[in-house]
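Numbering (our numbering), first residue to last: -19 to 469. Heads up, the thing below is written out as structure tokens.
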């Protein structure tokens, strides 16, 4: 006999797979009401809430799922992942360890636990956990990639040998995951030709898996933003928005020094960093809903936003970040690099926000991007020509924002920052209107959680070895070298 609510649950799964998320949400709710003793409907609700970046609500649903089935490993692992994503590492660790009590070889729980160790800067425990994971699951690519990232000395040499063998038999996804990590590991040990070969293999595998970058669509996206957010647009909306100076946005290309800049600022007692948030992108894409219709989508919907609507958006953003920071924080730093896409909205709803635009030599920045395991959506990051094209588009859009928005924008050059930490830190604080405090120079000793690819670098004192690293790979980097030449010319 079918359990009550099972048909609703199956309908929710079907609707989720077809992309009708509101209908799927209602189906899961009906299923949970019809059979409140099972975890599955709450898992479904949590998945949808997470996709909508509603982490607090997703966590509440997952706690409901665990309360109903305390040995449900899927619910506990997803709870741990969602807690970790929201920065609640102690609670996330408890969830992962709860799984390991009854499922000691759970790959996902061990992976989650190892990632938490990395976020905290505990390299030894991270290595031990990855080794435990690989002992139980030798062909698990995330485990191999994780071990390559944290191992040192003889352990790293052994991991490199293992990784070479694993790449031979791995599928596209596995070759990408292991290849990115192997490339970085070989680079750390001075094997530059082997490093680039591994990175090239990883990016080829990722392109085969995720598809190639659509340059024409990218260019159209920039053209549309420039057309909509024109000088006339802002002249007609002068004085709109919320006048708060609390928000600070660090933008730029990935791997351009955004994490380092945030960590420096977060060392100041009056400044609080909240990491990479998706709030602005969410508010932008939700503008049609705010206007009570489905069309036009962002960014065209910005044309129909009223003065009151702009203030509402500004207040909503401030309320969201306010929940993540102490009440006494005078500045709150959102370091989502890709917020450069939404500076038009920021200028409209938060015109007094400060913008720090992180700049780095495209040869080093592009190489670092090419070596990074980004999400599948970042298809532009898998080819050197595409990275150069994306960089040119980013610069074009930033020049537009500078010319039309009236926003206060400070260029922060990575090379200058690592070459003169105190001087650049003073300039940063002066730009933000915050008094000098020498604690910003000791960012690497603060012990803060870091959940970006720069988690290990920012725990070290400032170093300049990342500047000019591209020279080890000069023969392979033609597109990036040409882009750098264009910028100088």
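All C-beta atoms, glycine included, are put in the ideal place defined by N, C-alpha and C. Predicted model, so just to flag it, every value in this text is computed and none were measured.
By the Cβ rule, the stretch 275 to 290 counts as touching the stretch 211 to 230, because three or more pairs are nearer than 8 angstroms. Residue 82 counts as exposed, since fewer than 16 other beta carbons sit within 10 angstroms of its beta carbon. Where residue 273 is concerned, there is no enclosing beta strand (DSSP E), because DSSP gives it neither an H nor an E. When DSSP states are grouped into helix, strand and coil, residue 141 belongs to the helix group. Positions of the beta strand (DSSP E) runs, each at least 3 residues long and wholly inside the stretch 175 to 245, are given as 227 to 232 in order along the chain. Within the model, the alpha-carbon separation for residue 53 versus residue 72 is close to 13 angstroms. Secondary structure note for residue 420: it is in no alpha helix (DSSP H), with a DSSP letter that is neither H nor E. Secondary structure note for residue 404: its alpha helix (DSSP H) is the uninterrupted segment 401 to 412. For the pair residue 351 and residue 165, the Cα-to-Cα distance works out to about 11 angstroms. Annotation for residue 371: 233, 342, 345, 346 and 463 place their beta carbon closer than 8 angstroms to its own, counting only its chain and skipping 5 residues before and after. One Cα belongs to residue 264, the other to residue 461, and the distance between them is close to 35 angstroms. With respect to the 8 angstroms criterion, residue 157 and residue 125 are classified as neighbours on the basis of their beta carbons. In the displayed model, residue 252 falls within a strand according to three-state DSSP.
With a cutoff of 8 angstroms on beta-carbon distance, residue 230 and residue 329 are scored as not near each other. Apart from sequence neighbours up to five positions away, the residues of its chain that approach residue 75 with a beta-carbon distance below 6 angstroms are 56, 59 and 60, ordered along the chain. Take residue 29, set aside five residues on each side of it, and the residues of its chain with a beta-carbon closer than 7 angstroms to its own are 37, 38 and 41, in chain order. Inclusion of residue 114 and residue 226 in the CB contact set at 8 angstroms is not warranted, their separation being larger than that value. Judged by pairs of C-beta atoms under 8 angstroms, the stretch 197 to 206 touches the stretch 375 to 390, as three or more such pairs exist. Excluding its 5 nearest sequence neighbours in each direction, residue 110 has C-beta neighbours in its own chain below 6 angstroms: 94, 123, 126 and 127, listed in chain order. Comparing alpha-carbon positions, the option among 199, 307, 175 and 356 lying closest to residue 188 turns out to be 356. At the C-beta level, residue 49 and residue 19 come within 8 angstroms of one another.
In the three-state reduction of the DSSP assignment, residue 341 falls in the coil class. Following the DSSP letters along the chain, one finds residue 380 inside the alpha helix (DSSP H) bounded by residues 364 to 384. The DSSP-derived three-state label of residue 51 is coil.
Out of 258, 279, 409 and 260, the CA that lies nearest to the CA of residue 268 is found in 279. Bounds of the alpha helix (DSSP H) holding residue -3 are -14 to -2. The alpha-carbon separation between residue 27 and residue 33 amounts to approximately 10 angstroms. Per DSSP, the unbroken beta strand (DSSP E) holding residue 390 starts and ends at 388 to 393.
For secondary structure counted as the alpha helix (DSSP H) over 4 or more consecutive residues, the stretch 23 to 52 holds these complete runs in sequence order: 35 to 48. In the three-state reduction of the DSSP assignment, residue 335 falls in the strand class, which pools E and B. Under the criterion of beta carbons closer than 8 angstroms, residue 384 and residue 209 qualify as touching, at roughly 6 angstroms. Judged by their CB atoms, residue 24 and residue -9 are not nearer to each other than the 8 angstroms cut-off.
In this chain, the alpha helix (DSSP H) harbouring residue 301 covers 287 to 302. Under the three-state reduction of DSSP, residue 258 is assigned to coil, being neither helix nor strand. Our two residues, residue 47 and residue 300, have alpha carbons roughly 28 angstroms apart in a direct line. At the C-beta level, residue 323 and residue 387 come within 8 angstroms of one another.
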